[in-house]
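Read top to bottom, the protein sequences are chains A and B. Be aware that the first sequence starts at 1, since it is given in the working numbering, and climbs by one per residue. Be aware that the second sequence starts at 1, since it is given in the working numbering, and climbs by one per residue. The beta carbon of each residue, even a glycine, is placed where N, CA and C say it ideally should be.
Protein chains: 2
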Amino acid sequence: MSTYHSLNNEEAISLAKSIPGIFSESTVLNCREIGDGNLNLVFHVTSENSTESIIIKQAVPYAKVVGESWPLSLDRARIERQSLEIQHRLCPDLVPQVYSYSDDLAYTAMEDLSEYTIMRKGLIDGNIYPNFAEHIGQFLARTLFFTSDLGMNQQEKKELAGRFVNPDLCKITEDLIFEDPYRASANNNYSASIEDEAEALRNDIPLHLEVALLREKFLTHAQALLHGDLHTGSIFVTTESTKVIDPEFAFFGPMGFDIGAVIGNLLLNYVAQPGWNQNGEDLTIREDRLLEMAKDVWTNFESSFRTLWNNEILDEMFQTPGYQDHYLTELLRDTAGFAGCKMIRRIVGLSHVADIDGIQDDSVREAAQRKALAIGKNLVRHNRSVNSIYDILKLVQLASTEIGVSK
Amino acid sequence: MSTYHSLNNEEAISLAKSIPGIFSESTVLNCREIGDGNLNLVFHVTSENSTESIIIKQAVPYAKVVGESWPLSLDRARIERQSLEIQHRLCPDLVPQVYSYSDDLAYTAMEDLSEYTIMRKGLIDGNIYPNFAEHIGQFLARTLFFTSDLGMNQQEKKELAGRFVNPDLCKITEDLIFEDPYRASANNNYSASIEDEAEALRNDIPLHLEVALLREKFLTHAQALLHGDLHTGSIFVTTESTKVIDPEFAFFGPMGFDIGAVIGNLLLNYVAQPGWNQNGEDLTIREDRLLEMAKDVWTNFESSFRTLWNNEILDEMFQTPGYQDHYLTELLRDTAGFAGCKMIRRIVGLSHVADIDGIQDDSVREAAQRKALAIGKNLVRHNRSVNSIYDILKLVQLASTEIGVSK
Numbered sequence: 001m002s003t004y005h006s007l008n009n010e011e012a013i014s015l016a017k018s019i020p021g022i023f024s025e026s027t028v029l030n031c032r033e034i035g036d037g038n039l040n041l042v043f044h045v046t047s048e049n050s051t052e053s054i055i056i057k058q059a060v061p062y063a064k065v066v067g068e069s070w071p072l073s074l075d076r077a078r079i080e081r082q083s084l085e086i087q088h089r090l091c092p093d094l095v096p097q098v099y100s101y102s103d104d105l106a107y108t109a110m111e112d113l114s115e116y117t118i119m120r121k122g123l124i125d126g127n128i129y130p131n132f133a134e135h136i137g138q139f140l141a142r143t144l145f146f147t148s149d150l151g152m153n154q155q156e157k158k159e160l161a162g163r164f165v166n167p168d169l170c171k172i173t174e175d176l177i178f179e180d181p182y183r184a185s186a187n188n189n190y191s192a193s194i195e196d197e198a199e200a201l202r203n204d205i206p207l208h209l210e211v212a213l214l215r216e217k218f219l220t221h222a223q224a225l226l227h228g229d230l231h232t233g234s235i236f237v238t239t240e241s242t243k244v245i246d247p248e249f250a251f252f253g254p255m256g257f258d259i260g261a262v263i264g265n266l267l268l269n270y271v272a273q274p275g276w277n278q279n280g281e282d283l284t285i286r287e288d289r290l291l292e293m294a295k296d297v298w299t300n301f302e303s304s305f306r307t308l309w310n311n312e313i314l315d316e317m318f319q320t321p322g323y324q325d326h327y328l329t330e331l332l333r334d335t336a337g338f339a340g341c342k343m344i345r346r347i348v349g350l351s352h353v354a355d356i357d358g359i360q361d362d363s364v365r366e367a368a369q370r371k372a373l374a375i376g377k378n379l380v381r382h383n384r385s386v387n388s389i390y391d392i393l394k395l396v397q398l399a400s401t402e403i404g405v406s407k
Numbered sequence: 001m002s003t004y005h006s007l008n009n010e011e012a013i014s015l016a017k018s019i020p021g022i023f024s025e026s027t028v029l030n031c032r033e034i035g036d037g038n039l040n041l042v043f044h045v046t047s048e049n050s051t052e053s054i055i056i057k058q059a060v061p062y063a064k065v066v067g068e069s070w071p072l073s074l075d076r077a078r079i080e081r082q083s084l085e086i087q088h089r090l091c092p093d094l095v096p097q098v099y100s101y102s103d104d105l106a107y108t109a110m111e112d113l114s115e116y117t118i119m120r121k122g123l124i125d126g127n128i129y130p131n132f133a134e135h136i137g138q139f140l141a142r143t144l145f146f147t148s149d150l151g152m153n154q155q156e157k158k159e160l161a162g163r164f165v166n167p168d169l170c171k172i173t174e175d176l177i178f179e180d181p182y183r184a185s186a187n188n189n190y191s192a193s194i195e196d197e198a199e200a201l202r203n204d205i206p207l208h209l210e211v212a213l214l215r216e217k218f219l220t221h222a223q224a225l226l227h228g229d230l231h232t233g234s235i236f237v238t239t240e241s242t243k244v245i246d247p248e249f250a251f252f253g254p255m256g257f258d259i260g261a262v263i264g265n266l267l268l269n270y271v272a273q274p275g276w277n278q279n280g281e282d283l284t285i286r287e288d289r290l291l292e293m294a295k296d297v298w299t300n301f302e303s304s305f306r307t308l309w310n311n312e313i314l315d316e317m318f319q320t321p322g323y324q325d326h327y328l329t330e331l332l333r334d335t336a337g338f339a340g341c342k343m344i345r346r347i348v349g350l351s352h353v354a355d356i357d358g359i360q361d362d363s364v365r366e367a368a369q370r371k372a373l374a375i376g377k378n379l380v381r382h383n384r385s386v387n388s389i390y391d392i393l394k395l396v397q398l399a400s401t402e403i404g405v406s407k
């Protein structure tokens, strides 16, 4: 018998008080529900007498993004909490700490990150995060390596994968990223001005083949425990620090899906640049910086991952000369392909990004949308022939130029 | 609290009597334990008064093949029984029927196939099975298609995969097939006369890379519910009929592992031919027939699989032009690679095949071993460039010729 019900502010406060060692006995607590309401309730519990605070995140049994008619298993709260715990163990500085939880009530109480900014907002505001590429490269390398057959006992990995079967949330990705953008679907969402682009996506058979192959990897390639939704809205930043949150889409899948999510979302901010900042700042510098950051995400990931491989692997077969290089090349190709899929779906699919939707001027926004699609399609089309991160940058610049010329 | 204990003949008879509809009330039952004793007890329960009989197979909590020190989860009895049920539902004529079971006692009572011959023995005896390729092609196509993302709901497939996590038995494959033959391992088992071959296997870095890539597919590529151990000792035959048994190694893995197991084991019988039959029969005909059978296994599988794909798939992304061909080519390549791995391990690894070990003449047996290794290595080395089943036959014939010349 489930005891599940939606928490209210009073219950959240009472739960917060019951966690030992966070708040002093005598403190008066306040609570505000601050979730964006898509999939979860988020309670921010603060103290009147001190700076202590916590977050209590509770899953609701449906996805509001498409109305209450899309039911979602509450088990995703357990999956998110266990992912947070694993990721925090592997990267204590880069993931919030879990204080307590209830699987029945589908909530997790965790470290409050109110002093942080959501990275997407920070990027839109033109901020610079000089440590981000290094931090996220570390996060990706350590979480992916140590939950794969490379970095953990191969029998324990199979048992762990069995505990991260996450069909409901994988279904969202399978539909919204790998299916709807290439079909006439009621889930799609784009303005009439780019109907030509949407139609081209529906009719591009060579592109469909690449998407189908990437989808197959998402469906079958149980390489490591992924975050599963690693866009810039799942990352909190300050100038010095980075925290990765919200791993409720976690499952065992292809590593490139996480790396591609980060790079694809940096590129979505990159295409939004020309129209966003209109106060005379040299936009080329900002664009270059974002491309540099995208490149650095990969190079930091790659060097951390190779170091782990060289230092941590005892298994002789994984030490076969040439294997590591082959593995990293395949990862890079997957990264390019998944980054492209993620860009495309944010333009024509259900869920968009504020980087682009926030552009006020219609024609500037449309130009950014077309540029995002051109880059996304280039990355998907050519993913299987990419050999270095510079090939990815070339595909980005080629698409940018083509769009520039065609305007 | 587990009630597990090893059954004795009296208990097996009493279990058999309790199954409704098999034996008449008044019948007198006899029981004999007929297992080869590696991983299981096998009770053959027969009636004195009629032709009715059943098999009761019980898992023991260790693998005898390496002494009692290799513990094995009894959960494999559940995995085997559920695999049998799924396979029987998909291929009722090709899989024995399950009558009853107990997960606590780790036994399954099933259809008796005493009138059948183990295919390996039948092939060694020089028998011909004209329907085999068609039957096993059907079995492979239907069991692999309908347990993959192609033939079942993709969310239900994830749940099903979670119920076939089979670390203990996968570990046996990972060690004995993908690791030991390429190392100095106490598990290896070969005569001093082919120490040169074993040493060459240990030092062949390009081969190791291909084995590592195939192992990675075995570790991560959750394509379909495999039988997992589909050699000719897991297949019962008569001239008309085929039954696939013993799926205790079942797990979600790469389809080519099952197809390659069948083809690799036919090729092991093929290399054993020249020395086996010494009564003047034209051996070339027999050899050609075995190669033809290996080819027909693939072509029957392929045509059944393509028919299922064309008729059963509603998913639009899987209908993308070019995708089916790409998928089948990848499957064929995996098939070649895994067939090669299976041949190699049966020569230098722990567990051999009677097709070759049964050859009386030392030099003829050694020639067969060298030929098996040459074919196996060729298939592994070139698996990623195979484009048709005829490429596989060419690799087989090339290896046979090279060995012929070097003798």
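*Those residues which DSSP pairs with H5 (chain A) across a bridge*: As a first step, residue 5 (chain A) must be located in the first sequence, where it is residue number 5. According to DSSP, which records beta bridges pairwise, H5 (chain A) is partnered with nothing at all.
*Which of the residues in the segment 214 to 239 of chain B, read from start to end, lie with their CB under 8 Å from any CB of chain A?*
Listed by position, the residues of the segment 214 to 239 of chain B near chain A (Cβ gap below 8 Å) are R215, E216, L219, T220, H221, A222 and Q223.
*Going by C-alpha distance, which of B:Y4, B:L332 and B:E33 is nearest F257 (chain B)?*
Translated into positions along the second sequence, residue 257 (chain B) becomes position 257. For the residues B:Y4, B:L332 and B:E33, the minimum Cα distance to F257 (chain B) belongs to B:L332.
*Which whole-angstrom value describes the C-beta separation of A77 (chain B) and Y107 (chain B), a residue pair presumed to lie in contact below a C-beta threshold of 8 Å?*
Here the question's residue 77 (chain B) lines up with position 77 in the second sequence. Here the question's residue 107 (chain B) lines up with position 107 in the second sequence. Indeed they touch by this definition, with Cβ atoms about 7 Å apart.
*asked:* Quick check on DSSP: helix, strand or coil for N30 (chain A)?
replied: For the purposes of this step, residue 30 (chain A) is taken as residue 30 along the first sequence, with counting starting at 1. N30 (chain A) falls in the strand class under three-state DSSP.
*Apart from the five residues just before and just after C170 (chain A), which ones in its own chain have a Cβ nearer than 7 Å to its Cβ?*
The residue labelled residue 170 (chain A) in the question sits at position 170 within the first sequence. Counting only Cβ-Cβ distances below 7 Å, and skipping sequence neighbours, we find F251.
*Mind pulling the alpha helix (DSSP H) runs of 4 or more residues that sit fully within the segment 116 to 198 of chain A?*
119 to 124, 132 to 146, 154 to 163 and 167 to 176
*Below 6 Å CB to CB, which residues in the same chain sit around T46 (chain A) once its five sequence neighbours on both sides are set aside?*
Counting from 1 along the first sequence, the entry for residue 46 (chain A) is found at position 46. Hits under 6 Å: N30 and S53.
*Contact residues within the segment 199 to 213 of chain A, judged by C-beta distance below 9 Å to chain B*: Of all residues in the segment 199 to 213 of chain A, I205, P206, H208, L209, V211, A212 and L213 have a Cβ within less than 9 Å of some Cβ in chain B.
*Listed from N- to C-terminal order along the chain, which residues in the segment 17 to 46 of chain A have their beta-carbon within a distance smaller than 8 Å of any beta-carbon of chain B?*
none
*asked:* I want to see whether chain B comes within less than 7 Å of G162 (chain A), judged by CB atoms only; does it?
replied: Working through the first sequence from its first residue, we reach residue 162 (chain A) at position 162. With 7 Å as the cut-off, G162 (chain A) counts as an interface residue toward chain B.
_For chain A, check one thing: does any of its Cβ atoms lie closer than 7 Å to the Cβ of Y325 (chain B)?_
In the second sequence, the residue the question calls residue 325 (chain B) occupies position 325. Reading off the sequence shown, one finds Asp at residue 325 (chain B), where the question assumed Tyr. No, its Cβ sits nowhere closer than 7 Å to a Cβ of chain A.
*Does any residue of chain B bring its CB to less than 7 Å from the CB of T147 (chain A)?*
Counting from 1 along the first sequence, the entry for residue 147 (chain A) is found at position 147. Judged by the 7 Å Cβ criterion, T147 (chain A) is not in contact with chain B.
*Within the same chain, show all residues whose beta-carbon is closer than 7 Å to that of M293 (chain B), passing over the 5 residues directly before and after it, in chain order.*
Locating residue 293 (chain B) in the second sequence gives position 293, counting from the first residue. The answer, listed in chain order, is F132, A133 and L266.
_So within the segment 333 to 370 of chain A, which uninterrupted alpha helix (DSSP H) runs reach at least 4 residues, ignoring any that extend past its ends?_
354 to 357
*Contact set for I22 (chain A): own chain, Cβ-Cβ below 8 Å, skip 5 residues either direction*: Position 22 of the first sequence holds residue 22 (chain A). Excluding positions up to five away in sequence, the list reads A16, E52, I54 and Y99.
*Could you tell me which residues DSSP puts in a beta bridge with S100 (chain B)?*
In the second sequence, the residue the question calls residue 100 (chain B) occupies position 100. BP columns for S100 (chain B) point to B:A109.
*L395 (chain A), DSSP secondary structure in three states*: Position 395 of the first sequence holds residue 395 (chain A). L395 (chain A): helix per DSSP, three-state reduction.
*P247 (chain A) burial status per 10 Å Cβ neighbour count (16 or more: buried)*: Sequence index remark: in the first sequence, residue 247 (chain A) carries index 247 (1-based). Flag for P247 (chain A) reads buried.
_Exposure label - S148 (chain A); buried when at least 16 CB within 10 Å_ = Position 148 of the first sequence, counted from the first residue, corresponds to residue 148 (chain A). Buried, by the Cβ-count rule.
*Rounded C-beta distance between A262 (chain A) and C341 (chain A)? I'm assuming under 8 Å.*
Residue 262 (chain A) sits at position 262 when you count from the first residue of the first sequence. Residue 341 (chain A) sits at position 341 when you count from the first residue of the first sequence. Here the sequence assigns Val to residue 262 (chain A), which means Ala is not the residue at that position. Rounded, the Cβ-Cβ distance is 14 Å, inconsistent with contact.
*Apart from the five residues just before and just after H135 (chain B), which ones in its own chain have a Cβ nearer than 7 Å to its Cβ?*
If you number the second sequence from 1, residue 135 (chain B) lands on position 135. Counting only Cβ-Cβ distances below 7 Å, and skipping sequence neighbours, we find L94 and T242.
*asked:* So the candidates are A:E179, A:Q138 and A:L219; which of them puts its Cα closest to the Cα of L90 (chain A)?
replied: To locate residue 90 (chain A), count along the first sequence from 1; it is residue 90. With distances taken between Cα atoms, L90 (chain A) lies closest to A:Q138.
_Length at least 4, wholly inside the segment 262 to 319 of chain B: the alpha helix (DSSP H) runs in chain order_ = 283 to 312
*Go to T46 (chain A), then tell me how far its beta strand (DSSP E) extends in each direction, as first and last residue.*
Counting from 1 along the first sequence, the entry for residue 46 (chain A) is found at position 46. T46 (chain A) -> beta strand (DSSP E) spans N40 to S47.
*asked:* Please classify R32 (chain B) as buried or exposed, where buried requires at least 16 other C-beta atoms within 10 Å of its C-beta.
replied: Position 32 of the second sequence, counted from the start, is the residue given in the question as residue 32 (chain B). With fewer than 16 other Cβ atoms within 10 Å, it is exposed.
*asked:* Between the alpha carbons of V380 (chain B) and L41 (chain A), how many angstroms are there, rounded?
replied: For the purposes of this step, residue 380 (chain B) is identified with residue 380 of the second sequence, where counting begins at 1. For the purposes of this step, residue 41 (chain A) is identified with residue 41 of the first sequence, where counting begins at 1. When rounded, the distance between both Cα atoms is 53 Å.
*L373 (chain B) versus L201 (chain B): straight-line alpha-carbon distance, rounded*: Residue mapping note: residue 373 (chain B) aligns to position 373 of the second sequence, counting from 1. Residue mapping note: residue 201 (chain B) aligns to position 201 of the second sequence, counting from 1. Each residue's Cα considered, the two are about 9 Å apart.
*Measure how close the beta-carbons of A222 (chain A) and T173 (chain B) come, nearest whole angstrom, since I'm counting them as under 8 Å.*
For the purposes of this step, residue 222 (chain A) is taken as the residue at position 222 of the first sequence. For the purposes of this step, residue 173 (chain B) is taken as the residue at position 173 of the second sequence. Wrong, their Cβ atoms sit about 16 Å apart, outside the cutoff.
*asked:* Using a Cβ-Cβ cutoff of less than 6 Å, which residues in the same chain neighbour R215 (chain B) once the five nearest sequence positions on both sides are dropped?
replied: As a first step, residue 215 (chain B) is located in the second sequence; it is residue number 215 there, counting from the start. Hits under 6 Å: F178.
*Within its chain, find whatever has a CB closer than 8 Å to the CB of N378 (chain A); leave out the 5 residues flanking it on each side and keep chain order.*
Indexing the first sequence from 1 puts residue 378 (chain A) at position 378. So the qualifying residues of the chain are G340, L395, V396, L398 and A399.
*Measure the Cβ-Cβ separation of F338 (chain A) and G260 (chain A) and say whether it is below 7 Å.*
Translated into positions along the first sequence, residue 338 (chain A) becomes position 338. Translated into positions along the first sequence, residue 260 (chain A) becomes position 260. Yes, Cβ-Cβ distance for F338 (chain A) and G260 (chain A) is below 7 Å.
*Through-space distance from E302 (chain A) to T284 (chain B), alpha-carbon basis*: The sequence position of residue 284 (chain B) within the second sequence is 284, counting from 1. The sequence position of residue 302 (chain A) within the first sequence is 302, counting from 1. Near 54 Å, if we compare the C-alpha coordinates of E302 (chain A) and T284 (chain B).
*Three-way DSSP call (helix, strand, coil) for L213 (chain B) in this model*: Here residue 213 (chain B) refers to the residue found at position 213 of the second sequence. If DSSP states are grouped into helix, strand and coil, L213 (chain B) belongs with the helices.
*Helix, strand or coil: which one does DSSP assign to V244 (chain B)?*
The residue labelled residue 244 (chain B) in the question sits at position 244 within the second sequence. V244 (chain B): strand per DSSP, three-state reduction.
*Would you say K377 (chain A) reaches chain B, if we count a Cβ-Cβ gap shorter than 7 Å as a contact?*
For the purposes of this step, residue 377 (chain A) is taken as the residue at position 377 of the first sequence. It does not: the Cβ of K377 (chain A) has no partner Cβ on chain B nearer than 7 Å.
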